Structure formats: C-alpha cells, structure tokens
Amino acid sequence: MKKLMLSIILILSFPLCQGKRSMNCKDPTEEHLRQKLERLSTDYLLPSNSDQIPDAKMKKCPTSVNTSSELIQDRSISPWSYRINEDMNRYPRQIVEAYCLCKGCVTSKESSMVSEPFYREVPVLQKTKKCKKSRFIYKQKHIKIAEFCICRFH
C-alpha cells in the first residue's frame, strides 16, 4: 500500500517538475548579469590584472626564488600561479584564482614553515531554479577566492 501511494504521488508531481515555466526559462543576458552584480556590490574586485593569466598546465615548485622575474608571484618565497575556477551556474562563470606552487617556503629549510593561499570573499551571482518572465533568477552570494600565497609558521 505504501509503495502504491508513493508511486501515485510521484506520478502526480512529475508534471509539476516538468512544467512549461522551467522548460522555457533562459539565462539573462551577460550584460544584465554584469549590471546586476555591479549594482549589488560596489566593492566588486575580481582579478583582472594582466599578471593574473591562468596557466595552460599546472606549474611546479621552484628550487629557488626567481629574482629576475617581473612578476611578484615568481619573486615570492611562497610562489603561486593562477588557474580558472569555473561554475556554469554562477556569474561570472570563470574567476581567476591563485594556487600555491610549494608546500613549504622556498628560502626556508624549516619544516615548520608552510605556504598557504590567502583568501578573500568576493560577490557573485548564483543561478537559482526559479524563473521570472522566462529568465532564471540569480541571487547574490559571496565565495572565497585565493588571491595569492603566503608563508607562515605551521
């Protein structure tokens, strides 16, 4: 009897989940999402610097500090590089994020020193399952993004 009732409930609720509203719902335009995020957050500062170019392949920990590089991430005792953090249900869909190249610190032989990311919360728009005027609704959310790496005592 319980199985029969559960089957009936599932059959009756299926059309509600597959209704016309969700089938016709589309993403808002890129411009609309950009403007909405700018209105919601005046401190919107995601990386856009030309030094923050994602790697084609993951870099490895160097054996020494690269003092001849113009890039601060190469000259650091806790070197880092960048990769793309991607989420298709978020705006912006791609965010440049730092990753540490070493477990420890380049100039330190001490095992008590570790290299770790420094995070900052940034505002994004997260896609919801709700639809209004044939467009998905996006809500503001804050996520942590690694900006660079630092050395610290373990």
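With mature numbering (1 follows the signal peptide of the UniProt record, and there is no 0) applied, the sequence shown covers -19 to -1, 1 to 135. Virtual Cβ for every residue (Gly too), placed ideally from N, Cα, C. Keep in mind the model is a prediction, meaning the values are calculated, not measured.
So, does the region 115 to 123 touch the region 75 to 92, judging by three or more C-beta pairs under 8 Å?
Segments in contact, no.
In this structure, how does DSSP classify C81 when only helix, strand and coil are distinguished?
The residue labelled residue 81 in the question sits at position 100 within the sequence shown. Looking at C81 - three-state DSSP - the assignment turns out to be strand.
Based on the DSSP output, what are the partners of S96 in its beta bridges?
Sequence index remark: in the sequence shown, residue 96 carries index 115 (1-based). S96 pairs with C132.
The alpha helix (DSSP H) spanning R15 covers which residue range?
Walking along the sequence shown from the start, residue 15 turns up at place 34. It spans E11 to L21 - the alpha helix (DSSP H) in which R15 sits, taken as one unbroken run.
Can you tell me which of the three DSSP states R71 falls into?
Here residue 71 corresponds to residue number 90 of the sequence shown, with the count starting at 1. Correct three-state label for R71: strand.
Judging by CA-CA distance, which residue of E19, C81 and D8 is the nearest neighbour of V95?
Position 114 of the sequence shown, counted from the start, is the residue given in the question as residue 95. The shortest C-alpha separation from V95 is found at C81.
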